[in-house]
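S.K.:
Listed below in structure tokens is the structure:
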């Protein structure tokens, strides 16, 4: 592989200082995304800051009031196999399980997945539906912002120079029921052509609340606010499913990529949204 | 500048120096002459370079050698004991679960990882777990037969 300098800080403060002092330095977590870009010559680093020797940045806590807190260096596999995640957020476990293959999930971290800002990924879509937030630290102080405001576009995030994503915070699941659907146009471990997260709150057959997020078709996961509004207070009949699917298909702004053309993705979104909602209801 | 690390490879503790940009796969093959783990795609897709880190399968082509520090690495060379093959290797032979053999070390390590994680996988669990190990000769059916025997199903 191409040569680079490797800094191996032992603390978060040290890592932030290194990133702050050298604007060209890039943080390295699981490495499954960044090392691939380096191998392909797409990214040419001078200095990488290896985060894996920092202690205390992985682990999963759950509290009924505060919800879920996941350290940034927790592997995707540890998220999908966490009994807490499986019990309270099964659709998040599913979205993590659908990432790449077992080897990548053992290596890749949830913080790296989010900070990388790759729109062709599964966890961000499920996490935006869950209204998750991320902790961004400079070592000295920490700010928390919504994931939906953190993910700005393809490989673009709200991370400032010298900042690191240190933890992921997910509100309590309350009475949401949900699902995450991944659709690939290649083999099973492929990146998603489209990913749909649907969370539904039903009361006596009536939709009290809906969160619908379409991921991987455009540069960031997109909440379908109109469709959510339309569904509230309605019985989710076949006709309502059709309308919501059509609305999602109309609203998305897909981009052409290796996984499908924009017009294909637009068509696909309508179908997948109906499937996702039907899966939650039944 | 090289980085000094201490790691456990196939049950032996090693004190070694590695380059910052050296992958674990390069370190195993070029520095230690352990040629069992092979590079296929180089980007974590094919599984030919699968090794176990703390009993979990990873792509050694995407892992920096320095990250082996403090970890327990198991490669295909570490499976047999006293000249005897590992049960996974025996099952692969019995079911002829290979053809050209290029993917075989990685496939065996992935099966090893599966069985350490779940000693009695169903066929669908095995398919799911092994879906990221590609065999271009198409020996999947034989691999799954070997796994089902190992799983006692």
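Chains as they are written, first to last, in the working numbering: chain A, 183 to 464; chain B, 25 to 177.
Ideal Cβ placement from N, Cα and C applies to all residues, glycine included.
1. List the whole-angstrom C-beta distance separating residue 311 of chain A from residue 339 of chain A, where the pair is believed to meet the contact cut-off of C-beta under 8 Å.
2. Here's the rule: buried if 16 or more other CB atoms are within 10 angstroms of the residue's CB, otherwise exposed. What is residue 26 of chain B?
3. When the Cα atoms are used, what is the spatial distance from residue 401 of chain A to residue 334 of chain A?
4. In terms of alpha-carbon separation, which member of A:232, A:273 and A:427 lies closest to residue 193 of chain A?
5. In the structure shown, what three-state DSSP assignment does residue 405 of chain A receive?
6. Once DSSP output is grouped into helix, strand and coil, what is the label at residue 384 of chain A?
7. Alpha carbons only, please: which of B:172, B:153, B:125 and B:160 is nearest the one belonging to residue 60 of chain B?
8. Ends of the beta strand (DSSP E) at residue 332 of chain A?
9. Nearest CA to the CA of residue 176 of chain B: which residue from B:145, B:160 and B:153?
10. Among the residues of its own chain, which have a CB less than 6 Å from the CB of residue 387 of chain A, if the five just before and after it don't count?
11. Based on DSSP bridge pairs, tell me the residues matched to residue 389 of chain A.
12. Identify the continuous beta strand (DSSP E) that holds residue 364 of chain A and give its terminal residues.
13. Are the beta-carbon atoms of residue 289 of chain A and residue 213 of chain A separated by less than 8 Å?
14. Evaluate residue 421 of chain A with the Cβ neighbour count: other Cβ atoms within 10 Å of its Cβ, from every protein chain shown; 16 or more gives buried, anything less gives exposed.
15. Buried or exposed: residue 119 of chain B, going by 16 or more other Cβ atoms within 10 Å of its Cβ?
16. Helix, strand or coil for residue 89 of chain B per DSSP?
17. Is residue 67 of chain B close to chain A? Criterion is C-beta to C-beta, closer than 8 Å.
18. Go ahead and pull the three-state DSSP assignment for residue 227 of chain A.
19. Tell me where the alpha helix (DSSP H) around residue 453 of chain A begins and ends.
20. Helix, strand or coil for residue 214 of chain A per DSSP?
21. Return the CA-CA distance between residue 332 of chain A and residue 348 of chain A, expressed in angstroms with no decimal places.
22. Once DSSP output is grouped into helix, strand and coil, what is the label at residue 345 of chain A?
23. Below 9 Å on C-beta distance, what does residue 153 of chain A contact in chain B?
24. Let's test the definition: count the other Cβ atoms within 10 Å of the Cβ of residue 234 of chain A and tell me whether it reaches 16, buried, or not, exposed.
25. Which bits of chain A does residue 164 of chain B rub up against, with CB to CB less than 9 Å?
26. Taking the alpha carbon of residue 111 of chain B as the reference point, which residue from B:97, B:133, B:123 and B:93 has its own alpha carbon closest?
27. Compare the beta carbon distance of residue 383 of chain A and residue 390 of chain A with 8 Å and say whether it is the shorter of the two.
28. Can the beta-carbon of residue 376 of chain A be found less than 8 Å from the beta-carbon of residue 423 of chain A?
29. Under 9 Å between beta-carbons, which chain B residues line up against residue 286 of chain A? List them in chain order, please.
30. For residue 464 of chain A, does the count of other Cβ atoms within 10 angstroms reach 16, so buried, or fall short, so exposed?
M.R.: In brief:
1. Not really, about 18 Å apart at Cβ, beyond 8 Å.
2. Looking at its Cβ environment, which holds fewer than 16 other Cβ atoms inside 10 Å, residue 26 of chain B is exposed.
3. 8 Å
4. A:232
5. In this structure, residue 405 of chain A counts as strand in the three-state DSSP scheme.
6. strand
7. B:125
8. From DSSP, residue 332 of chain A is part of no beta strand (DSSP E) but of the alpha helix (DSSP H) over 329–332.
9. Considering only alpha carbons, the answer is B:145.
10. 417
11. In the DSSP assignment, residue 389 of chain A forms a beta bridge with A:384.
12. From DSSP, the beta strand (DSSP E) with residue 364 of chain A extends over 359–365.
13. yes
14. exposed
15. By the neighbour-count criterion, in which 16 or more other beta carbons inside 10 Å mark a residue as buried, residue 119 of chain B falls on the buried side.
16. helix
17. yes
18. The answer is coil: DSSP assigns residue 227 of chain A none of H, G, I, E or B.
19. 444–463
20. coil
21. 13 Å
22. coil
23. Here chain A comprises residues numbered 183 to 464, so residue 153 of chain A is not present and cannot be evaluated.
24. buried
25. The premise fails here: residue 164 of chain B is roughly 12 Å from chain A at the closest Cβ pair, so nothing lies under 9 Å.
26. B:133
27. yes
28. no
29. Result: 68, 69, 82, 83, 86 and 156.
30. Burial is judged here by how many other beta carbons sit within 10 angstroms of a residue's own beta carbon; residue 464 of chain A has fewer than 16 and is exposed.
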